[in-house]
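What follows is a set of notes on a single structure, which appears directly below.
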Amino acid sequence: MRRICDTPLTLRVGRQELLFGNGWLLSNMLTPSQYLSHDAIRLTYTGTNYTVDAFAAKHNDSMQLFDDQKNLYGIWGTYTGFKPLSMSAYWLYVHDNTDIETGESTALGSWVNSLLGRHFGSTKLHTLGIHLLGKHAGFDYSLQTAYQFGDAEHIGAMFNNGGIFYGDNDAKYDNWGGEAILGYTFEDITWKPRPFIMGVYFQGEDNRDVSFQEWLNPFYEPEASVSFNRLFSDRNYSWTINDNSWLSNFIQLSAGLELQLTEKVLLNMRVSKNWADEPFNPPKSIKVGGNRVYVAPNLSFWTDEGSDDLGWEIASYIMYKYSPDLTIGLFGNVLFPDDGLTDGSFLHFYGTQYSGGTDDDTSAYLFWMAILKF
Numbered sequence: 092m093r094r095i096c097d098t099p100l101t102l103r104v105g106r107q108e109l110l111f112g113n114g115w116l117l118s119n120m121l122t123p124s125q126y127l128s129h130d131a132i133r134l135t136y137t138g139t140n141y142t143v144d145a146f147a148a149k150h151n152d153s154m155q156l157f158d159d160q161k162n163l164y165g166i167w168g169t170y171t172g173f174k175p176l177s178m179s180a181y182w183l184y185v186h187d188n189t190d191i192e193t194g195e196s197t198a199l200g201s202w203v204n205s206l207l208g209r210h211f212g213s214t215k216l217h218t219l220g221i222h223l224l225g226k227h228a229g230f231d232y233s234l235q236t237a238y239q240f241g242d243a244e245h246i247g248a249m250f251n252n253g254g255i256f257y258g259d260n261d262a263k264y265d266n267w268g269g270e271a272i273l274g275y276t277f278e279d280i281t282w283k284p285r286p287f288i289m290g291v292y293f294q295g296e297d298n299r300d301v302s303f304q305e306w307l308n309p310f311y312e313p314e315a316s317v318s319f320n321r322l323f324s325d326r327n328y329s330w331t332i333n334d335n336s337w338l339s340n341f342i343q344l345s346a347g348l349e350l351q352l353t354e355k356v357l358l359n360m361r362v363s364k365n366w367a368d369e370p371f372n373p374p375k376s377i378k379v380g381g382n383r384v385y386v387a388p389n390l391s392f393w394t395d396e397g398s399d400d401l402g403w404e405i406a407s408y409i410m411y412k413y414s415p416d417l418t419i420g421l422f423g424n425v426l427f428p429d430d431g432l433t434d435g436s437f438l439h440f441y442g443t444q445y446s447g448g449t450d451d452d453t454s455a456y457l458f459w460m461a462i463l464k465f
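Below you can see the structure in the form of structure tokens.
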């Protein structure tokens with residue numbers, strides 16, 4: 092519905108894309124080859140130099156009115172009255188009160204677990220952010236940062252140490268994330284070279300270490316490791332590690348060059364250095380015949396010192412825009428892993444899944460993709 096009550100207000104109801112900014116947190120892509128849509132209600136007010144969007148989206152199938160819900164809410168405002176710089180500010184809220192299993196089979200067990208604090212409530216994730224984007228005198232620039240806070244109940248439930256207390260029912264989001272890009276295009280030179288630099292930061296935690304006393308104590312309450320949640324991003328910062336917008340507890344600095352080889356062919360190349368924001372201390376191990384053998388994996392207090400150095404990578408892609416409806420791309424990535432990857436770090440699925448290997452061999456990833464719009 093457009094121009095509701097003869098105002099510049101638009102209402103959209105039903106399955107739709109929620110793409111805001113350049114897709115850093117809200118995108119229409121789930122992965123580089125999968126599109127994403129939402130069952131949502133969206134109101135858009137369009138002023139002379141600004142727009143304001145408010146929306147609510149449902150993300151699970153449930154016949155219950157209030158329970159077992161997973162919903163996304165947001166308000167996004169953008170000002171475009173200053174030509175060199177558009178400015179956006181937003182609030183996003185994810186509310187997830189889907190059930191968290193605690194394993195009891197009787198009412199008595201449920202009462203005891205509740206008494207011991209083993210029952211969990213709802214995840215309530217708030218995100219406040221800004222995005223500054225523009226071009227001027229050959230420069231292009233993009234700066235976005237966001238702060239997350241709220242209850243991380245579903246993350247806390249993952250940290251069960253096998254003791255009396257089940258998980259961390261006091262887990263909180265308290266994380267920053269950001270991306271900064273600065274480029275300059277030489278318009279009067281062949282291929283219009285555009286050197287650029289980029290920085291990426293997703294604050295993470297790794298509280299998996301325990302002392303010998305904590306390991307012995309059956310009443311020890313584990314502390315969850317909560318990292319920045321990238322929500323519905325489409326960014327893929329490291330193809331060989333298979334980012335697919337899930338990496339967190341992650342830092343990257345890049346320098347690159349973009350060339351417009353022809354009107355329809357674009358080449359992009361970059362070199363990046365990667366780190367884990369907080370390293371993981373792996374179980375004590377020794378090398379036998381080039382393989383890692385864990386000495387006593389059940390003695391979780393006995394660890395090696397972890398590294399935050401994930402190594403270097405070279406990435407490049409070439410895009411051929413055959414027509415307005417068909418684009419073909421070839422992508423390549425070479426990864427030179429360091430100790431933070433060979434020993435392992437918790438990066439995937441927003442810092443909750445182990446990312447590591449057994450050797451420091453150079454790795455490479457090559458793929459092509461065709462995008463057809465119809």
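Under the numbering used here, think of the first position of the sequence shown as 92, with each following residue one higher.
Every residue gets a Cβ at the ideal spot worked out from N, C-alpha and C, and that includes glycine.
{"query": "Same chain only: Cβ atoms within 6 Å of residue 334, ignoring 5 sequence neighbours per side", "result": "327, 328"}
{"query": "Cβ shell of residue 99 (< 8 Å), same chain only, five flanking positions each side left out", "result": "136, 137, 138"}
{"query": "Classification of residue 377 by the beta-carbon crowding that lies within 10 angstroms, buried from 16 upward", "result": "exposed"}
{"query": "Opposing strand residues paired with residue 150 [DSSP bridges]", "result": "Answer by DSSP bridge pairing: none, since residue 150 is not bridged."}
{"query": "Residue 403 versus 366, 435, 410, 289, residue with shortest Cα-Cα distance", "result": "366"}
{"query": "Secondary structure of residue 354, DSSP reduced to three states", "result": "coil"}
{"query": "Contact test: residue 232 Cβ vs the ligand MN heavy atom, cutoff 6 Å", "result": "You won't find the ligand MN in this model; it holds no ligand whatsoever."}
{"query": "For residue 442, the first and last residue of its enclosing alpha helix (DSSP H)", "result": "439 to 442"}
{"query": "Runs of beta strand (DSSP E) lying entirely within the stretch 111 to 191, each at least 3 residues, in chain order", "result": "120 to 122, 129 to 137, 141 to 149, 161 to 170, 177 to 187"}
{"query": "Nearest-angstrom Cβ-Cβ length linking residue 330 and residue 456, presumed shorter than 8 Å", "result": "5 Å"}
{"query": "Inter-residue Cα distance where the pair is residue 282 and residue 348", "result": "11 Å"}
{"query": "Residue 373 and residue 290 closer than 7 Å at C-beta", "result": "no"}
{"query": "Contact the stretch 412 to 422 vs the stretch 447 to 465: 3+ CB pairs below 8 Å", "result": "yes"}
{"query": "Distance CB(residue 181)-CB(residue 220) smaller than 7 Å", "result": "yes"}
{"query": "Anticipated Cβ contact below 8 Å, residue 313 with residue 250, distance rounded", "result": "4 Å"}
{"query": "Endpoints, the beta strand (DSSP E) within which residue 214 is located", "result": "214 to 227"}
{"query": "Sequence-distant residues of its chain with Cβ nearer than 8 Å to residue 449 (five each side left out)", "result": "382, 383, 433"}
{"query": "Simplified DSSP state of residue 420, which is helix, strand or coil", "result": "strand"}
{"query": "Alpha-carbon to alpha-carbon, residue 128 and residue 103", "result": "13 Å"}
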